[in-house]
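Positions 1 to 224 (the UniProt record's numbering) are the ones given, in order, by the sequence shown. Cβ coordinates follow ideal geometry from the N, Cα and C atoms, glycine included. Here is the structure we will look at, set down as structure tokens.
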Amino acid sequence: MADASLSSRVYDDILGRILSGRMKPGDVFNRRQVAAELGVSVAPVLEAMLELETEGLIQTLPRRGTRVRLPDARDVWGHAVVREAIESQAARIYCGAPVLRHQSRLLRLAEALDALPAGSVDQIRQEIRFHHYLVALAACEPLTRAFERIMKLGLLHAAALLEGEQSLLPSHVALVEALLTSDPDAAQNAIRAHLHNLRAPHAATESPVGDEAPALPNWLSETV
Numbered sequence: 001m002a003d004a005s006l007s008s009r010v011y012d013d014i015l016g017r018i019l020s021g022r023m024k025p026g027d028v029f030n031r032r033q034v035a036a037e038l039g040v041s042v043a044p045v046l047e048a049m050l051e052l053e054t055e056g057l058i059q060t061l062p063r064r065g066t067r068v069r070l071p072d073a074r075d076v077w078g079h080a081v082v083r084e085a086i087e088s089q090a091a092r093i094y095c096g097a098p099v100l101r102h103q104s105r106l107l108r109l110a111e112a113l114d115a116l117p118a119g120s121v122d123q124i125r126q127e128i129r130f131h132h133y134l135v136a137l138a139a140c141e142p143l144t145r146a147f148e149r150i151m152k153l154g155l156l157h158a159a160a161l162l163e164g165e166q167s168l169l170p171s172h173v174a175l176v177e178a179l180l181t182s183d184p185d186a187a188q189n190a191i192r193a194h195l196h197n198l199r200a201p202h203a204a205t206e207s208p209v210g211d212e213a214p215a216l217p218n219w220l221s222e223t224v
């Protein structure tokens with residue numbers, strides 16, 4: 001097994017390449033080249049790639065090697081569903097007093113975000129940072145970590161599908177004002193409406209309902 005610190009350094013480097021757009025969806029990895037560039041053996045590169053594949057950021061295809069994942073419509077739909085679930089639950093927790101205590105800071109962030117060109121790389125990153133601030137107000141670390149994981153995919157999807165889109169985005173200032181409510185149901189509805197408007201251009205990317213029974217992971221499978 002490779003040194004954990006080496007694997008972590010390689011992971012951070014590859015992740016940075018993907019999320020910064022230096023490596024685009026569909027780009028193929030040369031493991032030996034990455035190892036040479038970072039001055040490490042292939043082992044920590046393999047471990048880092050395994051973690052990135054588990055997170056859905058890269059994929060290994062038979063006879064085609066390992067590449068940055070190319071998200072499809074089903075991926076985008078699934079990401080939106082999970083993000084909405086996380087942010088809706090967080091809003092039920094942080095609405096009211098926590099938002100009121102951070103109101104000035106949130107409004108400054110929201111005003112700056114709303115002033116950015118829609119679809120720009122900076123706008124996409126600032127939008128994620130703003131929503132991360134909101135989720136963190138719930139003071140629930142598992143929820144925050146889940147948001148961080150899913151939004152890595154959000155950046156990947158943006159790089160593949162959304163960058164440069166100039167659609168009008170919903171107001172983040174209006175969202176902050178709506179979240180001042182102490183009613184969890186109202187706060188949840190506000191964040192859901194905001195996220196629905198955020199992904200309106202991709203509303204057609206809904207997942208078809210399949211007829212097959214869902215498959216269980218190995219650790220839940222019944223032993224015969």
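(1) Among 89, 68, 138, 140, which one has its Cα closest to the Cα of residue 56?
(2) On the three-state DSSP scale, how would you describe residue 169?
(3) Note down, in chain order, each residue of its chain lying with its Cβ closer than 6 Å to the Cβ of residue 28, except the 5 sequence neighbours on either side.
(4) In this structure, does DSSP put residue 66 in helix, strand or coil?
(5) Hey, quick one: how far does the beta strand (DSSP E) through residue 46 stretch, first residue to last?
(6) Quick one: give me the first and last residue of the alpha helix (DSSP H) that residue 116 is part of.
(7) Using CA coordinates, which residue listed in 105, 177, 145 is at the minimum distance from residue 96?
(8) Let me check one thing: in DSSP terms, what residues is residue 61 bridge-paired to?
(9) Does DSSP classify residue 9 as helix, strand or coil?
(10) Per DSSP, which residues does residue 28 bridge with? Please list them.
(11) What whole-angstrom Cβ distance do residue 169 and residue 198 have, given they're in contact under 8 Å?
(12) Less than 7 Å between C-beta atoms, sequence neighbours within five positions excluded: which residues of the same chain meet that for residue 202?
(13) Do you know whose CA, among 131, 59, 71, 117, lies nearest residue 172's CA?
(14) State buried or exposed for residue 183, treating a residue as buried only when at least 16 other CB atoms are found within 10 Å of its CB.
(15) Could you tell me the boundaries of the alpha helix (DSSP H) in which residue 189 lies?
(16) Using only alpha-carbon positions, find the residue among 109, 92, 41, 174 that is nearest to residue 135.
(17) Give the DSSP-derived three-state secondary structure of residue 144 in the structure shown.
(18) Can you list, in chain order, the residues of its chain with a C-beta nearer than 6 Å to that of residue 146? Leave out the 5 residues immediately preceding and following it.
(19) Taking C-beta to C-beta, are residue 121 and residue 21 nearer than 9 Å?
(20) Which of helix, strand or coil does DSSP assign to residue 138?
(21) Between 45, 174, 219, which lies nearest to residue 103 when the distance is taken from Cα to Cα?
The answer reads as follows:
(1) 68
(2) coil
(3) 65, 67
(4) strand
(5) Where residue 46 is concerned, there is no enclosing beta strand (DSSP E), although the alpha helix (DSSP H) it sits in stretches over 42 to 54.
(6) No alpha helix (DSSP H) contains residue 116, which DSSP labels as neither H nor E.
(7) 177
(8) 65
(9) helix
(10) 67
(11) 6 Å
(12) For residue 202, the predicted structure reports a pLDDT of 49, less than 50, and the residue's modelled location is therefore unreliable. A value from the coordinates is still provided. Result list for residue 202: 76, in chain order.
(13) 131
(14) exposed
(15) 184 to 198
(16) 92
(17) helix
(18) 86
(19) yes
(20) coil
(21) 174
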